[in-house]
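Here the protein sequences line up with chains A and B, keeping their order.
Following the numbering used here, the numbering of the first sequence begins with 1 at its first residue and continues without gaps.
Following the numbering used here, the numbering of the second sequence begins with 256 at its first residue and continues without gaps.
A quick write-up on the structure given underneath.
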Amino acid sequence: MTLPQPTRASLFVTCIVDQLYPEVGVSVVRVLRRAGVAVDFPDGQTCCGQPLYNSGYVSEARKLAERTLDILSDKEYVVVPSGSCGAMMRVFYLDLFANDPELLARAKDLSQRVYEFTEFLVDVVGYESTPVEPATDDRPERGSAVAYHPSCHLLREMEVTNAPQRLLDAAPGVDRVELPDAEQCCGFGGTFAVKYPHISEEMLADKVAAATSSGADTLTACDMGCLMHIGGAVSRQKLPFQVRHIAQVLDGSAG
Amino acid sequence: MAEVVTRQFVPASQAAVKDAQLRQALRRAGTGFDGTRREAIEEVSPEVWEEWREEARRIKEHTIGHLDYYLEMLERNVTAAGGTVHFAVDAQQANAIVSQIARANNVQTVTKSKSMVSEELGLNHTLEAQEIDVFETDLGEYIIQLADETPSHLVAPALHKTRGQVAQLFADQLGVPYTEDIEEMARIARVALRQKFLDADMGISGANFLVAETGSLVIITNEGNGRLCTSAPRVHVGLAGMEKVIPSLQDLAVFLRLLPRSATGQRITSYMSMVTGPRRDEDEDGPEEFHLVIVDNGRSRLLADPALRESLYCIRCGACLNVCPVYQRVGGHAYGWVYPGPIGSIVTPGLVGLGQAKDLPNASTLCGACRDACPVQINIPRMLLHLRHNIAEGPESYRDAGSDTGSLLARGFAAIMSSPRLLGVGRKIGRRLLAPMAKGGVLGQSRIPLVSRWTRSRDLPVPAPRSFSEIWRDELSGKGPTGLQD
């Protein structure tokens, strides 16, 4: 008997997960493996260049983008647990290298192979339910009422409109609740949050109020940037819900 | 030209977010307009809506790509219909042309229907300085003229005002009893304006579209004031940015479907006027003279830059303002010039100079809601990124005190991120410095420069003890519950 060849995914974990939230990366790997995906982690990866690009430092961003192109050059599928880093690689690299035919060709090639984590699970792997596995001490506890915040770049640049919801709806122990005004930006916007904190905070206050009113015990999203922002307010204000990356919710939902 | 206070964006927006009345006015108008816009799209179906957007975009791309050709066609046909076309390179010239027309016709009183270009030119002040009485007749414009303010929204100029504020303004300025009854307030304005329409020697209008093949000026309104301004006085002066031209009446159709739905969710506005030249011999009424002033005032700079050209496709519906989370918090005045919100953050730097409007392209989270709402599919976030690039790496004239810090940080970030080893060292140093100050793994309010701008309201995680890369190397690589070697 021959087993079908497993899907192989190369994880680009993003610098924010690598440096600040490594546990999210661990959950990503666990969920992918549970879905039958063989995961590898290309060496030398750091940042895709998005923070620089969004701030206008295009020539500095190109350096990091070129490195990233090199590191991911021969990978079949690149999986990114972030809509904004994913959008950078899929959409904005094409702008970044618009005037360099050779690099543009490589950027186009990458843009065909790069997937956001939930998009990959649903569209490529066809995976929607988490196999039942008992929860263990080192795995985050299961969430019950989960509200999903669609991060802006995932929704409007990568156009991932329903994969996260489908995964959450299929996950055992997860009861998805609607987040009011879900598609409103949380106010993070990278450097925006520190350049114009007074505006960012107003947006954040509305997002936090929406999450509170949803009755969720967990707010989830596919981007740690947004979740760092929202989570920063949740922990400062000691609000009664937790903030988790969707990989953590899916990882912890088994059982 | 209208006064430019774009440099005041930060203090102005700081004041705006604390203004409870403004917030109330914005919230009501923003959700109201956007809600009806979404309903209007559902009614025609999102698929049909996309087809319309694509058609409109094609028309704009084509016209703006051949602008000289269509402007010449327009001039020919306006002239053939008995009108006069004037081209103004800047605000000063445009104001001089209108003043000259007013003098030549011995004009004492002007009625105006809504024109954002006239706001851009600061035309009212120019005319008033020549002792000409100018009366705005669009209700919103009338309100802000009474209040001596500028518009805060492209289609709803007095959007920043609550009903109570307008009631108080009417009581103070018009000597009428205080009333918050909308119908009564509209009646008060109608009575005040009726005589002005009859007295006016000159009517000034904007233009929603200029149709090249017929030489027609098209305006759509809900109040009928545009029709009165363009037909009752002896002289009609139409003002339009040079991007307003479209080739044909057939092309107009899709825009008449898109504009009202995008602006207010209406299927059609109450009035649609097409003005083609002055009155003809057989006409019963209409002006004796028709002048069309086509204004550049910086637009050719936008036209010349391929990355910014699509900003000229804008039909000024205001949909991007109504969905913008930043506009919805700070209102239109904070942007510091006539054109606010997402599209204003591109048009304003284009017209007044990026050097004095650097906050505008930066004051966005790039959430993209504006692009989705735009009836002509203008990619606003991409142009904001382009302007940010010009600010960060562009000419010396855009640099200021903060520029060196910014580029130093950017270079430092790029250097660290170019080396996994350096990044690892950086994380360890960062953790050693920050961890002692952290509680529960996060940093609370901190005095560290820059960091404090985050932690003033949000806790900040400190670097993890082990990076994901290390965890992968030590624990995850080579393992897999599927039993397969990764």
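Just so it is clear, CB atoms sit at the ideal spot from N, CA and C, and this is done for glycine as well.
Computed from a predicted model, the values in this text were never measured in an experiment.
Handout entry: Limits of the unbroken beta strand (DSSP E) element including R176 of chain A
Key = D175 to V177
Practice task
Measure from the alpha carbon of L678 of chain B to the alpha carbon of each residue in B:P604, B:P580 and B:S724, then state which is nearest.
Solution key: B:S724
Problem - Sheet register partners of G366 of chain B (DSSP bridge) - result: Checking the sequence, you will find Thr at residue 366 of chain B rather than Gly. B:F390 and B:G458, per the DSSP bridge assignment.
Practice task
Pick helix, strand or coil for S10 of chain A, following the three-state DSSP scheme.
Solution key: strand
Practice task
Quick one: give me the first and last residue of the beta strand (DSSP E) that M224 of chain A is part of.
Solution key: Premise fails: M224 of chain A lies in the alpha helix (DSSP H), M224 to R236, not in any beta strand (DSSP E).
Exercise for the section: Tell me, to the nearest whole angstrom, how far the beta carbon of P636 of chain B is from that of G623 of chain B; I am working on the premise that it is less than 8 Å. Expected result: 5 Å
Practice task
Report the three-state DSSP secondary structure of R510 of chain B (helix, strand or coil).
Solution key: It should be pointed out that residue 510 of chain B corresponds to Phe in this sequence rather than to Arg. F510 of chain B: helix per DSSP, three-state reduction.
Practice task
Verify whether the separation of the beta carbon atoms of R686 of chain B and P718 of chain B is less than 8 Å.
Solution key: yes
Problem - Which listed residue (A:L69, A:R156 and A:G126) has its alpha carbon closest to that of E102 of chain A - result: A:L69
Handout entry: Q632 of chain B at chain A interface by Cβ criterion, 8 Å
Key = no
Exercise for the section: State the CB to CB distance for the pair Q276 of chain B and Q420 of chain B, rounded to an integer number of angstroms; the pair is presumed to be in contact (CB under 8 Å). Expected result: 7 Å
Exercise for the section: With 7 Å as the C-beta to C-beta threshold (strictly closer), list the residues of the segment 149-169 of chain A near chain B in chain order. Expected result: C152, R156 and E157
Practice task
Compare the C-beta of G83 of chain A against all C-beta atoms of chain B and say whether one is closer than 8 Å.
Solution key: no
Handout entry: Those residues which DSSP pairs with D40 of chain A across a bridge
Key = A:S10
Practice task
Name the residue from A:F192, A:A221, A:M203 and A:S111 whose alpha carbon lies nearest to the alpha carbon of N162 of chain A.
Solution key: A:A221
Practice task
Quick one: list the residues of chain A neighbouring M440 of chain B, beta-carbon separation under 8 Å, in chain order.
Solution key: Neighbours of M440 of chain B on chain A: none; closest Cβ ~30 Å, over 8 Å.
Problem - chain A within 8 Å of H588 of chain B, Cβ atoms only - result: no
Problem - Buried versus exposed call for Q279 of chain B [16 or more other C-beta atoms within 10 Å across all chains shown] - result: exposed
Handout entry: Length at least 4, wholly inside the segment 43-120 of chain A: the alpha helix (DSSP H) runs in chain order
Key = 50-54, 58-71, 83-87, 93-96 and 101-113
Exercise for the section: Would you tell me roughly how many angstroms separate the C-alpha atoms of G143 of chain A and T218 of chain A, rounded to the nearest one? Expected result: Confidence is the limiting factor: at G143 of chain A the pLDDT is only 49, short of 50, which leaves the residue's position unreliable, though a coordinate-based value still follows. Roughly 6 Å between the two C-alpha positions.
Handout entry: S722 of chain B and D18 of chain A closer than 8 Å at C-beta
Key = yes
Handout entry: Cβ-based contacts, 7 Å cut-off: residues of the segment 199-232 of chain A near chain B
Key = I199, E201, E202, M203, M228, H229 and G232
Handout entry: Per DSSP, cross-strand counterpart(s) of R244 of chain A
Key = A:T220
Practice task
Enumerate in chain order the residues of its own chain whose CB-to-CB distance from V490 of chain B is below 6 Å, with the five nearest sequence positions on each side excluded.
Solution key: N360, M457, P542 and E544
Problem - Identified DSSP bridge partners for V550 of chain B - result: B:A343 and B:G496
Problem - Residue from A:L32, A:L11 and A:L52 whose Cα sits closest to the Cα of D43 of chain A - result: A:L11
Exercise for the section: Taking 8 Å as the threshold, find out whether the segment 427-446 of chain B comes into contact with the segment 366-376 of chain B through three or more Cβ pairs. Expected result: no
Practice task
Would you check if the distance between the CB atom of S82 of chain A and the CB atom of M224 of chain A is smaller than 8 Å?
Solution key: yes
Exercise for the section: Whole angstroms is fine: what's the gap from S525 of chain B's alpha carbon to G189 of chain A's? Expected result: 40 Å
Handout entry: Cβ neighbour criterion (16 or more within 10 Å) applied to A335 of chain B
Key = exposed
Problem - Endpoints, beta strand (DSSP E) assigned at I474 of chain B - result: S471 to T476
Problem - Endpoints, alpha helix (DSSP H) assigned at Y324 of chain B - result: L322 to A335
Practice task
Please list, in chain order, all residues of the same chain as V29 of chain A whose beta carbon is under 6 Å from its beta carbon, the five residues on each side excluded.
Solution key: V39
Practice task
Starting from the beta carbon of L52 of chain A, find every residue of chain B whose beta carbon is closer than 8 Å, and list them in chain order.
Solution key: A665, F668 and A669
Handout entry: Neighbour flag for L678 of chain B against chain A, beta carbons, 8 Å
Key = yes
Practice task
Examine chain B for any beta-carbon lying closer than 8 Å to the beta-carbon of S235 of chain A, and answer yes or no.
Solution key: yes
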